[in-house]
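Just so we're aligned, residue 2 is where the sequence shown starts under my numbering, counting upward by one.
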Amino acid sequence: MLSDYIPIAIFVVVATGFALFTLIFASLLHSEKYNKVKFEPYECGIEPTTDARDRYSIRYFLVAMLFVIFDVETVFMFPWAVIFDKLLLFGLIEMLVFILILVVGYYYAWQKGALEWA
């Protein structure tokens, strides 16, 4: 019974060992040179025009959350489309209800002005 878990235990030990080895090796090789440029957000030679700690507009996060929600919708729709022929009418109705809920949410966000930048 416990012998079934031996490959998993070996995997955990090897993964942990690799992570520790990588961290220790990187800490041994890093340089101690610190300068002003290293603390800037971009090390590409372009002079920063503003402080790196500027706040983002809440609109950015709102649009990002809406993107994640509707992206997850496609994650649920793809497997449904693959096995659509086996689900028959019940599967179609179930997906139509799911899409209807998402459309209502999209309409609500649109009416609240969440999709407008100005």
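Built from N, CA and C at the ideal position, the CB exists for glycine as well.
Is the distance from the Cβ of Glu-74 to the Cβ of Leu-103 below 8 angstroms? yes
Looking at the structure shown, is Glu-74 part of a helix, part of a strand, or coil, going by DSSP? Looking at Glu-74 - three-state DSSP - the assignment turns out to be helix.
Rounded straight-line distance, which links the Cα of Phe-68 to that of Glu-33: 41 angstroms
Candidates Tyr-107, Ala-82 and Gly-106: closest to Glu-95 by CA position: Ala-82
Roughly how many angstroms lie between the CA atoms of Leu-93 and Lys-87, to the nearest whole one? 10 angstroms
For chain D, find out if any of its Cβ atoms is closer than 8 angstroms to the Cβ of Leu-29; answer yes or no. Protein chain content of the structure displayed is limited to a single chain, and chain D is not contained in it.
With a cut-off of 8 angstroms on the beta carbons, I'd call Phe-77 and Phe-99 a contact; round off their distance for me. 7 angstroms
Unbroken alpha helix (DSSP H) run spanning Ala-110, endpoints: 85-112
Sort Leu-63, Phe-91 and Ile-84 by Cα distance to Gly-114 and report the nearest one. Leu-63
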